[in-house]
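Heads up, the final residue of the sequence shown is numbered 79 in numbering that gives the first Met the number 0, and it's a clean run with no missing numbers.
Here is the structure we will look at.
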Amino acid sequence: MLSLVFVARAQGASIDSLRDFIRLHQKDYLSDRAYSEADKDKIEVEVGLFVKTCTQQVEALKLSVLAAQRPAAALPPSPP
């Protein structure tokens, strides 16, 4: 269970990093002159990939938590 806590905290830190990245670039991104369209497209791709990765990791974490909560009787026997 400790590893699930570690993974959850790491995921939270990743989401915090994304939030900080967005805040850092928000003003310039919304400005007409600060970034070129190519720069904006690159930021959008990076954010999109990060969000997709985070979503997949959160789903995997949820499945791990659900699996850890299942009663031991519901689990198949471990191989010798």
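We put the beta carbon where it would ideally sit given N, CA and C, even for glycine.
Residue closest to residue i, alpha-carbon to alpha-carbon, out of the options
i: F49; options: L62, R18 and R32; result: R18
i: V6; options: R69, E58, P70 and V44; result: E58
i: Q55; options: A67, L3 and Q10; result: Q10
i: A12; options: L62, C53, K61 and V64; result: C53
i: R8; options: E36, S35 and L60; result: L60
Beta-carbon spacing of residue i, residue j below 8 Å
i: V46; j: I21; result: yes
i: K39; j: Y28; result: yes
i: L23; j: A67; result: no
Can you list the alpha helix (DSSP H) stretches of 4 or more residues lying completely in the region 5-31, in chain order?
-> With a minimum length of 4 residues, no continuous alpha helix (DSSP H) run stays inside the region 5-31.
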